[in-house]
Amino acid sequence: MARCVEFNEVEKIEKAMNVFWEKGYNATSMQDLVDAMQINRSSLYNTIGDKHQLFMKCITTYFEASLCELQQKVAQEKSAMQALTNIINDKVASIVDTEKSCLGVKSIFEMASEDVDVRNLLTKKNAVFIGFITEIVQKAMQEGSLDDTEDPGLLAEYIMTSFTGWKQAYILHRDPIKIKKMANFLIKNISK
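In our numbering, the protein residues as written are 901 to 1092.
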């Protein structure tokens, strides 16, 4: 008689996500994953699939959790410009206070140029984030805090790509003051 597979999939995905986050996709073995998830290989294959399918689930989970957290923070702000400023400052804090880089960015650099499925998923998830930031930019423009002659989508993408550049600069130079100054420069230059 076959055994029932019983485990909390969300919890196991989180554990696998942390392994991918720490080691990267290519350096992560199936043994690393089953050890971290504390399940056997057959349970993993039967419920989630192979390493690639698990990675795709981890990416999806990561982006959904990150977006949910961001939406909750933004909903607490009365002003769109304050929400945008908080997003920028929160990203600075994340960059300088944690050793982990963004799992999405890490995956882009490791996998997206070689794996079309990963690239398509990351492109789709990134577009959702840019769309959300675009909405905030549009509201800030309507409030009169940002120049409304600029393209809100392009401005949102500029803000998002700045985060990647700041992480790179921090990894190379380990200068939190420089990252904070770059963030202040960005805020100053996009504000009216």
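Beta carbons: idealized from backbone N, C-alpha and C, even for Gly. Since the model is a prediction, treat every value here as computed from it, not as a measurement.
*Continuous alpha helix (DSSP H) stretch holding THR985: start and end*: The sequence position of residue 985 within the sequence shown is 85, counting from 1. THR985 -> alpha helix (DSSP H) spans 980-997.
*Within its chain, find whatever has a CB closer than 6 Å to the CB of ALA1056; leave out the 5 residues flanking it on each side and keep chain order.*
Residue 1056 sits at position 156 when you count from the first residue of the sequence shown. Correct list, in chain order: ILE1030, ILE1033, THR1034 and VAL1037.
*In three-state terms, what does DSSP make of SER943?*
For the purposes of this step, residue 943 is identified with residue 43 of the sequence shown, where counting begins at 1. If DSSP states are grouped into helix, strand and coil, SER943 belongs with the helices.
*asked:* Based on DSSP bridge pairs, tell me the residues matched to SER1091.
replied: Here residue 1091 is taken as the residue at index 191 of the sequence shown, counted from 1. Partner residues in the beta bridge of SER1091, as assigned by DSSP, are LEU1046.
*Residues of its chain near ALA1069, where Cβ-Cβ distance is below 6 Å and the 5 sequence neighbours each way are ignored*: In the sequence shown, counting from the first residue as 1, residue 1069 sits at position 169. Around ALA1069: no qualifying Cβ.
*Report yes or no: do the region 990-997 and the region 932-949 share at least 3 C-beta pairs separated by less than 8 Å?*
no
*Looking at the structure shown, is TYR1058 part of a helix, part of a strand, or coil, going by DSSP?*
The count along the sequence shown starts at 1 and reaches residue 1058 at position 158. The answer is helix: DSSP assigns TYR1058 an H, G or I state.
*Within its chain, find whatever has a CB closer than 7 Å to the CB of LYS915; leave out the 5 residues flanking it on each side and keep chain order.*
Along the sequence shown, read from residue 1 onward, the residue named residue 915 stands at position 15. Once the five neighbours on either side are set aside, the close Cβ partners of LYS915 are ALA936 and MET937.
*Residues near VAL919 by beta carbon distance below 8 Å, same chain, minus five either side*: The residue given as residue 919 occupies position 19 in the sequence shown. Apart from the 5 residues on each side of it in sequence, VAL919 sits with its Cβ closer than 8 Å to the Cβ of THR928, ASP932, LEU933 and ALA936 in its chain, given in chain order.
*Output yes or no for whether 8 Å exceeds the beta carbon distance between SER979 and GLU1043.*
The residue labelled residue 979 in the question sits at position 79 within the sequence shown. The residue labelled residue 1043 in the question sits at position 143 within the sequence shown. Yes, they are a contact pair.
*Under three-state DSSP, which class holds ARG1019?*
As a first step, residue 1019 must be located in the sequence shown, where it is residue number 119. Helix at ARG1019.
*Inspect the beta-carbon positions of LYS1025 and PHE963 and report whether they are closer than 8 Å.*
Numbered from 1 along the sequence shown, position 125 holds the residue referred to as residue 1025. Numbered from 1 along the sequence shown, position 63 holds the residue referred to as residue 963. Yes, they are a contact pair.
*If we ignore side chains and look at the alpha-carbon of each, how far apart do PRO1052 and TRP921 end up?*
In the sequence shown, residue 1052 corresponds to position 152, counting from 1. In the sequence shown, residue 921 corresponds to position 21, counting from 1. If I take the Cα positions, the gap works out to 31 Å.
*What first and last residue would you give for the alpha helix (DSSP H) that runs through ILE913?*
Indexing the sequence shown from 1 puts residue 913 at position 13. Taken as a continuous stretch (DSSP letters only), the alpha helix (DSSP H) holding ILE913 covers 909-923.
*Answer with buried or exposed for CYS968, where buried requires no fewer than 16 other C-beta atoms within 10 angstroms of its C-beta.*
Here residue 968 corresponds to residue number 68 of the sequence shown, with the count starting at 1. Exposed, by the Cβ-count rule.
*In terms of residue numbering, what span does the alpha helix (DSSP H) encompassing SER1013 cover?*
Taking the sequence shown and counting its residues from 1, one reaches residue 1013 at position 113. First-last for SER1013: undefined, no H or E at that position.
*Determine the burial state of SER1091: buried for a count of at least 16 other Cβ atoms within 10 Å of its Cβ, exposed for fewer.*
Locating residue 1091 in the sequence shown gives position 191, where the first residue counts as 1. When all chains shown are included, SER1091 counts as exposed.
*Would you mind working out which of MET981, ASN940 and CYS1002 sits nearest ASP1048, comparing C-alpha positions?*
To locate residue 1048, count along the sequence shown from 1; it is residue 148. That would be MET981, whose Cα lies nearest to the Cα of ASP1048.
*Under the three-state DSSP convention, the category ALA927 falls into*: Along the sequence shown, one-based indexing puts residue 927 at 27. Reduced to three states, the DSSP call for ALA927 is coil.
*Kindly indicate which three-state DSSP category SER966 falls into: helix, strand or coil?*
Counted from its first residue, the sequence shown places residue 966 at position 66. Correct three-state label for SER966: helix.
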